[in-house]
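Convert by adding 1 to the 1-based position in the sequence shown; the result is the number in my numbering.
By construction, the Cβ of each residue, glycine as well, lies at the ideal position given by its N, Cα and C atoms.
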Amino acid sequence: MTEISKPIYYLSLLGLLPVIAGVLGSFNFLMLGVEINIWLYKFGLLFSALILSFLGGCLFVFEILLKPKLEFKGLVLSIMPSLWAIISINLPMSSFLLAIGFLAILERERILQRNCELPPGWLRVRLHLTTLLIIALIVMGFNA
Numbered sequence: 002m003t004e005i006s007k008p009i010y011y012l013s014l015l016g017l018l019p020v021i022a023g024v025l026g027s028f029n030f031l032m033l034g035v036e037i038n039i040w041l042y043k044f045g046l047l048f049s050a051l052i053l054s055f056l057g058g059c060l061f062v063f064e065i066l067l068k069p070k071l072e073f074k075g076l077v078l079s080i081m082p083s084l085w086a087i088i089s090i091n092l093p094m095s096s097f098l099l100a101i102g103f104l105a106i107l108e109r110e111r112i113l114q115r116n117c118e119l120p121p122g123w124l125r126v127r128l129h130l131t132t133l134l135i136i137a138l139i140v141m142g143f144n145a
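Structure below.
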């Protein structure tokens, strides 16, 4: 597996800042106030759902452009993350459900890697980002 360029990797890590803000909001710091803590927490969850939906779009593109044969099952699976994000954001265990969604997408990408060639370094970066994101979602879930 080849390495991804450092600027792309660091920009990807910066994309986790809204989720980190959600983690901070979940700790209910008195100096921030109740409203700001709740806003940060909800912002982190909504941003996580947005990223989950975006990754579903990436799966859709991989299914259409990178696979030698178009499969209905793959297209349906690529739409599921968006539906999962919308449903999970409105349920009490949204952090946990979003984390499950990220794990499912990572597994689907791992399966896709066998059938087609994903962009260089994609899975490596996704593994790092998904690990950090899931840890953040777990912390948010336990603090909510």
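Helix, strand or coil: which one does DSSP assign to residue i?
i, result
"residue 134", "helix"
"residue 103", "helix"
"residue 93", "coil"
"residue 54", "helix"
"residue 120", "coil"
With C-beta atoms as the reference, is residue i less than 8 Å away from residue j?
i, j, result
"residue 135", "residue 100", "yes"
"residue 83", "residue 89", "no"
"residue 41", "residue 23", "yes"
"residue 27", "residue 141", "yes"
"residue 126", "residue 37", "no"
"residue 63", "residue 117", "yes"
Might you give, ordered along the chain, the residues of its own chain that have their beta carbon closer than 7 Å to the beta carbon of residue i, omitting 5 neighbours on each side?
i, result
"residue 133", "17"
Checklist line | Inter-stretch contact at 8 Å, needing at least 3 Cβ pairs: the stretch 68 to 78 / the stretch 37 to 51 | finding: no
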